[in-house]
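Written out below as structure tokens is the structure these notes cover.
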């Protein structure tokens, strides 16, 4: 499959990023067990990402970033996730939010340029905080219970957000809130240095422990009027191509499991066999199935991402394809990890074995929105129209 055409300078940025990501992958892999077992945020990994200028990968070059497009961004995510999935997924929320703003230029005033400079120069870390316990995933269409009340010189925001990845490490959040006296949803840039912002430790998941996706509480948080970035009325909402970072991360987990299983099968030789278990037909069959799953998953992920990059005029109509990719890739990733564990056997359940971590982490992909049931019904709706 051909990559989208890029200028020479763009090729340099992307190739440099890939080379750096491959090195970071090996570093992150050495820390992954500690992050998982202790359930801590991977600060060391993020310091490495900051030192490598990875926080600005999807910021346009005009603002000092690397200007990576969606397909290039996903490639980086796959590599990083092989090393440590929580680190990659967390970084993806940051980079994806910036990529959406770079593609659409839909934020008010100079907000995007200003925030881009903060990311490039100050290494600021951001996330999009939307999910609420009262409404569930925003993909289900719930109206935020978090509210924004207009004041003379800005807004006061009150509410809480759940599953806020990197909550304790964020410099800024983009908070969704219902604007007072309207049914419209506003996206507000909130500086975490403001009074009234608290992190409530609620993240006790057995999967993706290092994302530290705790609750974010906001009590009379002041936001300047220029920090209202976007107002949505529920009409003409453009699909979010950058959400493909979710299946890209789980594909990275599957590749890590695949690599471990093949290495194990090539080296493990019980005394009941004359050679390694990779010579056993059933083991070879499982490896073949893994290769098929990975080939199919990566092909559809990259095909739709390439369409997004090369045909921006079609983005409005790509919602069902984006959802189908998420469903197909995350389910394939789960099957790959399962097959890898069947090859390795009972050893894969050892706390010291990375496959048990991959098994727990890859399961989270089934619960990242949109969920399988919502995707299947959306595909049916599209077919029946």
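In full-length UniProt numbering, the protein residues as written are 1 to 385. The C-beta atom is built at its ideal place from N, Cα and C for all residues, glycine as well.
Quick check on the burial criterion: 16 or more other C-beta atoms within 10 angstroms. Buried or exposed for residue i?
{"i": "residue 384", "result": "exposed"}
{"i": "residue 106", "result": "exposed"}
{"i": "residue 30", "result": "exposed"}
{"i": "residue 231", "result": "exposed"}
{"i": "residue 19", "result": "exposed"}
{"i": "residue 197", "result": "buried"}
{"i": "residue 182", "result": "exposed"}
{"i": "residue 281", "result": "exposed"}
{"i": "residue 332", "result": "buried"}
{"i": "residue 5", "result": "A caution first: residue 5 carries a pLDDT of 44, below 50, which makes its placement in the model unreliable, though a value can still be read off. Residue 5 should be labelled exposed."}
{"i": "residue 260", "result": "buried"}
{"i": "residue 348", "result": "buried"}
{"i": "residue 211", "result": "buried"}
{"i": "residue 299", "result": "exposed"}
{"i": "residue 34", "result": "exposed"}
Can you give the Cα-Cα distance for residue i and residue j, rounded to whole angstroms?
{"i": "residue 22", "j": "residue 155", "result": "43 Å"}
{"i": "residue 130", "j": "residue 314", "result": "26 Å"}
{"i": "residue 344", "j": "residue 225", "result": "57 Å"}
{"i": "residue 249", "j": "residue 369", "result": "14 Å"}
{"i": "residue 361", "j": "residue 152", "result": "46 Å"}
{"i": "residue 355", "j": "residue 195", "result": "43 Å"}
{"i": "residue 400", "j": "residue 61", "result": "Missing from the structure shown is residue 400; the chain here goes from 1 to 385 and no further."}
{"i": "residue 63", "j": "residue 120", "result": "8 Å"}
{"i": "residue 302", "j": "residue 271", "result": "43 Å"}
{"i": "residue 346", "j": "residue 267", "result": "16 Å"}
{"i": "residue 1", "j": "residue 289", "result": "Low confidence applies here, because residue 1 scores a pLDDT of 43, under 50, leaving its location unreliable; read the following figure in that light. Going from the Cα of residue 1 to the Cα of residue 289 covers about 21 Å."}
{"i": "residue 220", "j": "residue 123", "result": "27 Å"}
{"i": "residue 73", "j": "residue 285", "result": "33 Å"}
{"i": "residue 381", "j": "residue 241", "result": "20 Å"}
{"i": "residue 274", "j": "residue 350", "result": "26 Å"}
{"i": "residue 308", "j": "residue 276", "result": "44 Å"}
{"i": "residue 376", "j": "residue 237", "result": "20 Å"}
{"i": "residue 67", "j": "residue 59", "result": "5 Å"}
{"i": "residue 51", "j": "residue 279", "result": "44 Å"}
{"i": "residue 48", "j": "residue 38", "result": "20 Å"}
{"i": "residue 176", "j": "residue 330", "result": "27 Å"}
Please name the residue, chosen from the options, that lies closest to residue i on a Cα-to-Cα basis.
{"i": "residue 199", "options": "152, 162 and 133", "result": "162"}
{"i": "residue 102", "options": "112, 108, 93 and 364", "result": "112"}
{"i": "residue 324", "options": "312, 296 and 337", "result": "296"}
{"i": "residue 53", "options": "35, 95 and 29", "result": "95"}
{"i": "residue 340", "options": "185, 293, 24 and 78", "result": "293"}
{"i": "residue 257", "options": "299, 336 and 238", "result": "336"}
{"i": "residue 305", "options": "332, 75, 122 and 286", "result": "75"}
{"i": "residue 471", "options": "210, 211, 253 and 363", "result": "In the structure displayed, the chain extends from 1 to 385; residue 471 sits before or after that span and is not available."}
{"i": "residue 109", "options": "358, 227, 352 and 237", "result": "227"}
{"i": "residue 55", "options": "39, 378, 93 and 41", "result": "93"}
{"i": "residue 283", "options": "263, 298, 299 and 300", "result": "263"}
{"i": "residue 203", "options": "330, 36, 311 and 247", "result": "36"}
{"i": "residue 214", "options": "229, 142, 132 and 144", "result": "132"}
{"i": "residue 157", "options": "144, 167 and 166", "result": "144"}
Starting from residue i, trace the alpha helix (DSSP H) both ways and give me its first and last residue.
{"i": "residue 168", "result": "Neither: residue 168 is in no alpha helix (DSSP H) and is coded neither H nor E."}
{"i": "residue 385", "result": "Unbroken run through residue 385: none, as it is neither H nor E."}
{"i": "residue 40", "result": "Careful: residue 40 lies outside any alpha helix (DSSP H) and carries neither H nor E."}
{"i": "residue 338", "result": "319 to 344"}
{"i": "residue 354", "result": "354 to 363"}
{"i": "residue 299", "result": "281 to 310"}
{"i": "residue 254", "result": "245 to 267"}
Could you name the residues that DSSP lists as bridge partners for residue i?
{"i": "residue 188", "result": "175 and 228"}
{"i": "residue 222", "result": "156"}
{"i": "residue 373", "result": "DSSP output for residue 373 lists no bridge partner at all."}
{"i": "residue 198", "result": "217"}
{"i": "residue 82", "result": "DSSP, once it has assigned bridges, lists no residue as partnering residue 82."}
{"i": "residue 129", "result": "175"}
{"i": "residue 161", "result": "216"}
For the beta strand (DSSP E) that contains residue i, what are its first and last residues?
{"i": "residue 124", "result": "Per DSSP, residue 124 belongs to no beta strand (DSSP E) and is neither H nor E."}
{"i": "residue 150", "result": "147 to 151"}
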